[in-house]
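Numbering (full-length UniProt numbering), first residue to last: 1 to 328.
The beta carbon of each residue, even a glycine, is placed where N, CA and C say it ideally should be.
In this text the structure is predicted, and so the values were computed from the model without any measurement.
Working notes, beginning with the structure itself.
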Amino acid sequence: MAKAQLFASQDEMTCSLCLEALSDPVSILCGHSFCHKCLTDYWDQRQECSCPQCGRTTQLSSVSELCRSLERPQKICAKHQKSLEMFCEADGTCICVMCSETEHEGHKMVMIREQVTREVKAERVMERLEKEMKEQKKRDADLRELSETKEHNCILQVRRHFIGYLIRLGWNKKVTCDKNRKNGYPSNPDNFSKLEQILCNEALTGTHCYWEVECTGESVEIGVTYNIEDIDYENFKDLLGYNDMSWCLWCFRSQYFACHDKMQTVIHSPYSPRIGVYLDWPAGSLSFYRVSLTMTLLHRFNTTFTKPLYPVFYLYHGTSVKICNLMP
1 MAKAQLFASQ
11 DEMTCSLCLE
21 ALSDPVSILC
31 GHSFCHKCLT
41 DYWDQRQECS
51 CPQCGRTTQL
61 SSVSELCRSL
71 ERPQKICAKH
81 QKSLEMFCEA
91 DGTCICVMCS
101 ETEHEGHKMV
111 MIREQVTREV
121 KAERVMERLE
131 KEMKEQKKRD
141 ADLRELSETK
151 EHNCILQVRR
161 HFIGYLIRLG
171 WNKKVTCDKN
181 RKNGYPSNPD
191 NFSKLEQILC
201 NEALTGTHCY
211 WEVECTGESV
221 EIGVTYNIED
231 IDYENFKDLL
241 GYNDMSWCLW
251 CFRSQYFACH
261 DKMQTVIHSP
271 YSPRIGVYLD
281 WPAGSLSFYR
291 VSLTMTLLHR
301 FNTTFTKPLY
311 PVFYLYHGTS
321 VKICNLMP
């Protein structure tokens, strides 16, 4: 019973700002309590005094109200009428100082604040572990899904001719050809370097597609787009990731950014130059993976695709991408 009482009082004795046991506690009119320093620091950063937990605008209660709120009957020892300040680990019960010197003498005891802090920290660890387990299960499910799509891995390799037959959109908005092409193909169709935005001349076929690329240089963008007939470089509205028609992963100086419609999301992950792209067109899902010894999901766009999608790359000066051969 006392153990349940201890758990029930954890939230009351824990500051939701620092997640530690209340230190110099103050309560506000909505009933929530915080460390005095945590609350004043929180309010100093804002224009109004609102509750950090429920958002209700309030004022500090008086010291007398605070004292009355902390002196509740359930925190008093029924036998000695003393404050329950200690926790007996041997019996799992809250006790007062008199109890510790009589029937609980010799037992292992800790201060209630210390025990609550310990319980709260353990609870936070469990929550974090549960979250990590859920994320790991999701990653495992993603990898199983990818392993079941081997028949889609060859999309870019089977259609190597249209990967090689690229359109270079120059800064003068005119379509020009690579000087190294022979019979309409570049001299090395696997590699593209010193280009700007390059678009495959055929859309991806099939409902599920997976491909991998190897990036070289400090700034490369990899993604998909609806067909763009002409690019307006001056306004940047047609550039990869700067509109609602394209989605990409920007690999910049060993960092990753997910880009769509002028919005960038920083991705915190160790860097690998090899990137896997998985498109599930019916589900509206586009996933980017970091490929090294293992595969790690970097970012997933969830949307509704309405048109065919084209693989597209944006290459900065001195950079290149290579389509990786996934054929067995």
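Helix, strand or coil: which one does DSSP assign to Q136?
-> Here Q136 sits in helix by DSSP.
Express the C-alpha separation of Y242 and V213 in angstroms, rounding to a whole number.
-> When rounded, the distance between both Cα atoms is 22 Å.
Three-state secondary structure (DSSP) of M245 | Correct three-state label for M245: coil.
Proximity of I222 and I275 at Cβ, strictly below 8 Å | Yes, Cβ-Cβ distance for I222 and I275 is below 8 Å.
Cβ shell of F252 (< 6 Å), same chain only, five flanking positions each side left out | Close CB contacts of F252 within its chain, under the 6 Å cut and outside five residues either way in sequence, are with S219 (chain order).
Where C77 and C94 are concerned, what is the direct C-alpha to C-alpha distance, given to the nearest angstrom?
-> If you draw a straight line from the Cα of C77 to the Cα of C94, it is about 8 Å long.
Could you name the residues that DSSP lists as bridge partners for C251?
-> The partner list for C251 (beta bridge, DSSP) reads V220 and Y256.
Tell me whether the beta-carbon of V120 lies closer than 8 Å to the beta-carbon of L249.
-> Contact flag unset, no.
Enclosing alpha helix (DSSP H) for H80 [first to last residue] | Where H80 is concerned, there is no enclosing alpha helix (DSSP H), given that its DSSP letter is neither H nor E.
For G217, which option in W281, P273 and C324 has the closest C-alpha, if you only look at C-alpha atoms?
-> Ranking W281, P273 and C324 by Cα distance to G217 puts P273 first.
Taking the alpha-carbon positions, what's the E101 to T14 distance?
-> One alpha carbon belongs to E101, the other to T14, and they sit about 28 Å apart.
8 Å Cβ shell around Q264 - same chain, five flanking residues per side excluded | Excluding residues within five positions, the ones whose Cβ falls inside 8 Å are G241, W250, F257 and A258.
Since C30 contacts C54 with CB under 8 Å, what's their CB separation in whole angstroms?
-> Their Cβ separation, rounded to whole angstroms, is 6 Å, which keeps C30 and C54 in contact under 8 Å.
Taking only the alpha-carbon atoms, compute the straight-line gap between Y314 and M295 and give it to the nearest angstrom.
-> So the two alpha carbons sit approximately 23 Å from each other.
Confirm, please, whether the CB-CB distance from C99 to S83 is below 8 Å.
-> Taking the C-beta atoms as reference points, C99 is found no nearer than 8 Å to S83.
Would you mind sorting H317 into buried or exposed? The rule is 16 or more other CB atoms within 10 Å of its CB.
-> Within a 10 Å sphere around the beta-carbon of H317 sit fewer than 16 other beta-carbons, which makes this residue exposed.
Close-in-space but distant-in-sequence residues of the same chain around R124 (CB under 8 Å, 5 per side omitted) = The beta carbon of R124 sits closer than 8 Å to the beta carbons of L19 from its chain, once the five residues preceding and following it are set aside; these are given in chain order.
What separation, rounded to the nearest whole angstrom, lies between the Cα atoms of E135 and S246?
-> Roughly 27 Å between the two C-alpha positions.
Between the CA atoms of S287 and H299 - distance to the nearest angstrom = Going from the Cα of H299 to the Cα of S287 covers about 6 Å.
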